[in-house]
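**Student:** Encoded as structure tokens, here's the structure I'll be asking about.
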DNA sequence: GCAAGCGTGGCGACGATTCGCGATGTTGCA
DNA sequence: TGCAACATCGCGAATCGTCGCCACGCTTGC
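Chains as they are written, first to last, in the numbering used here: chain V, 421 to 753; chain D, 421 to 753.
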């Protein structure tokens, strides 16, 4: 494969000149430039980004660690972040942790070795100690959507307490007094925050907090299915279910159909996340939308600030407001 | 950041020895090895993969070009391929083309520049001429699921004609005589093959091919919704609909609910792809499953063969059989 | 006493960028 | 017209961090 030296040789100039033509780093006379360009084309020259990265200490690559791209929510995130990155000339390395801390740690090692310029992370297990070494090596990390580590590196989060509060309040406003709850993967802050919001709304409405109305889930559809069955089998079943994400709400919806319950008359359902899919369910699913495109842009901006050393020393946390999206699955006509 | 030279200095050995400890490329006495390891730890040494790649001419990275990770089918593919790759020490660069040829071409350039070791590609627009230069530069390309370019580079495909044939035959076997069809993005071979299979099954059953029963789609849910409405508004509407992928079938399912049609009694529905989601719909959706995990492994193996120069000169096409998965949306009880 | 084998080190690529230097050509002013 | 000052543009060479070829010294066994 042709190198910059080959191009220089053919064009009868030095490699320095070719490099300047390539990067526009200094004025090059038109004659010379034309000769260089012609040589590059004649040789089918492709600059070697690896060599460049070694020299300038910058890979134009960032790592994206997330639990599972297959879940529509994370796929949505991946798409949005990739878009922002590629528009700015960055590539992303996709790292699917499968909810496993040990895989997250392997990726962390790997990405450092590869000298990515930064890291966006939706992590389930990483803590303070794990990322401290990266930060010391000036590898910026931005937490996305889930952060157990505020104050150490930058983060862009939504107010999960608020979102869950709004969802629950919406159900209360529709007249529901027994509201079931399908939780998510419990070690996460996201889950515990949403639970707080739910409890807060109940308290505000003067409704009792009844543990039997809670059931566990893991953010995937089958667990929503199991959860809904469990709740509906109660002696005194709920008239509405708040699932901690949209996929579990989907599972719950299937149970409603299975048992011939009319939604929302006999059972109201609301999810969380606002994945595009919710709009195309039958009935369309109420949800709390996370503004992922905006959050992606913010996350990348935070990263770029650090990469270019124009960020304050202390860490920054940007908090974005979730938006209640009431649809047919909760709205009585 | 510490380099191999720093480690060598501290351990009192040469960089060659450190490199050999690092890569297990020759025997190093235990004493020396221990000293080297200790030095690496003391310095928090992280080998520089960029420099290594430059030297050994191998990046352990592959590019993955696909139309849209947000669609569950492609997300599934991305997850499976990433899994196979990372288990073998490879990273993947995610390239979301957004169904745009110009973006595909940009990614192609970019990935070459970055010297990825290979490329897995679900492409909508790339042709022979576009990849020929890559192949000449010994950058292997494997087509995944959609290939307009058999015979030039390797490919792993399913038999779309067969899959669509099976789906249609299944509907016929359930007694349907007017079977509507929601097509996919038409420039793709995938779409035209599925249409062939549909026609073949009709012919075999002695049913007429009626163009009014076809409507266009783009593989996304809203187009399935529009398509189903269009078909059901016909003077003589179909009793079954075959959507060319699961997401459009989902859209069609919403229309069924909207119009209070019982599925499958009044309207049967079948999709294509077999994304995990179909199992959790209500009713669960019949589909034709593509064995994506197996296909991912095969694709990566094809790539590795080429990377390590142990592949035949001529290109190889592996064809995998799709599997009919009949579920509640077509099966009368 | 010598060959074989083991463990180790020196040094030059890999392909780009960039700094300092120098050879031109251009301008301004006496 | 002559010459200094300056802008323009190209070149040579060092450098980034790693690996792998070649050479070399020491031990060991016959």
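Idealized CB from N, CA, C, for every residue including glycine.
Are the C-beta of residue 502 of chain V and some C-beta of chain D separated by less than 8 Å?
**Tutor:** yes
**Student:** Checking 8 Å against the spacing of the C-beta atoms, do residue 581 of chain D and residue 616 of chain D come in under that value?
**Tutor:** yes
**Student:** Of all Cβ atoms in chain V, is any one closer than 8 Å to the Cβ of residue 643 of chain D?
**Tutor:** no
**Student:** Straight-line CA distance for residue 501 of chain D to residue 656 of chain D?
**Tutor:** 44 Å
**Student:** According to DSSP, residue 428 of chain V sits in a beta bridge with which residue or residues?
**Tutor:** Its beta-bridge partners do not exist; DSSP assigns none.
**Student:** Express the C-alpha separation of residue 690 of chain D and residue 685 of chain V in angstroms, rounding to a whole number.
**Tutor:** 29 Å
**Student:** Establish whether the CB of residue 495 of chain D and some CB of chain V are separated by less than 8 Å.
**Tutor:** yes
**Student:** Taking Cβ positions only, does residue 565 of chain V come closer than 8 Å to chain D?
**Tutor:** no
**Student:** Once you ignore the five residues that flank residue 666 of chain D on each side, which residues in its own chain have a CB closer than 6 Å to its CB?
**Tutor:** Within the same chain, residue 666 of chain D has close Cβ partners 691, 693, 695, 698, 707.
**Student:** Can you name the residues of chain V whose CB is closer than 9 Å to the CB of residue 513 of chain D?
**Tutor:** 481, 511, 512, 513, 514
**Student:** Give the interface partners of residue 677 of chain D over in chain V, defined as CB-CB distance under 8 Å, in chain order.
**Tutor:** 702, 703
**Student:** Please confirm if the segment 670-677 of chain V is in contact with the segment 644-651 of chain D, defined as three or more CB-CB distances below 8 Å between the two stretches.
**Tutor:** no
**Student:** With three or more beta-carbon pairs closer than 8 Å as the criterion, would you say the segment 442-461 of chain D touches the segment 733-742 of chain V?
**Tutor:** Fewer than three pairs of CB atoms, one per stretch, sit closer than 8 Å, so the segment 442-461 of chain D makes no contact with the segment 733-742 of chain V.
**Student:** Comparing the C-beta of residue 729 of chain D with each C-beta of chain V, is any distance below 8 Å?
**Tutor:** no
**Student:** Span of the alpha helix (DSSP H) holding residue 623 of chain D?
**Tutor:** 609-624
**Student:** Do we get a CB-CB distance below 8 Å when we pair residue 468 of chain D with the residues of chain V?
**Tutor:** yes
**Student:** Can you pull out the residues from the segment 518-531 of chain V whose beta carbon lies closer than 9 Å to at least one beta carbon of chain D?
**Tutor:** 518, 523, 526, 527, 529, 530, 531
**Student:** What in chain D is Cβ-close to residue 670 of chain V, meaning under 7 Å?
**Tutor:** 700
**Student:** Pick out the complete alpha helix (DSSP H) segments inside the segment 496-520 of chain D, 4 residues or longer, and give them in chain order.
**Tutor:** none
**Student:** Which residue's Cα is closest to the Cα of residue 727 of chain D: D/433, D/462, D/479?
**Tutor:** With distances taken between Cα atoms, residue 727 of chain D lies closest to D/479.
**Student:** Using only the alpha-carbon positions, how far apart do residue 723 of chain D and residue 510 of chain D sit?
**Tutor:** 12 Å
**Student:** Going by DSSP, name the residue or residues bridged to residue 538 of chain D.
**Tutor:** D/482
**Student:** Going by the DSSP bridge assignment, what does residue 689 of chain D pair with across the sheet?
**Tutor:** D/661
**Student:** Please list the segments of the alpha helix (DSSP H) lying wholly inside the segment 553-607 of chain V, counting only runs of 4 or more residues, in order along the chain.
**Tutor:** 580-593
**Student:** Can you confirm whether residue 490 of chain V, when its beta carbon is compared against all beta carbons of chain D, has any partner nearer than 8 Å?
**Tutor:** yes
**Student:** Any beta carbon from chain V within less than 8 Å of residue 533 of chain D's own beta carbon?
**Tutor:** yes
**Student:** Check each candidate in D/423, D/474, D/483 and name the one with the smallest Cα separation from residue 461 of chain D.
**Tutor:** Residue 461 of chain D has its Cα closest to that of D/423, out of D/423, D/474, D/483.
**Student:** Can at least three beta-carbon pairs, one atom from the segment 446-454 of chain V and one from the segment 449-461 of chain D, be found at a separation below 8 Å?
**Tutor:** With the cut-off at 8 Å, the segment 446-454 of chain V and the segment 449-461 of chain D do not touch.
**Student:** Pull up the distance between the alpha-carbon of residue 493 of chain D and that of residue 640 of chain D, whole angstroms please.
**Tutor:** 11 Å
**Student:** Return the Cβ separation of residue 612 of chain D and residue 688 of chain D in integer angstroms, given the expectation that the two are a contact with Cβ distance under 8 Å.
**Tutor:** Actually they do not touch by this definition, with Cβ atoms about 24 Å apart.
**Student:** What in chain V is Cβ-close to residue 421 of chain D, meaning under 8 Å?
**Tutor:** 557
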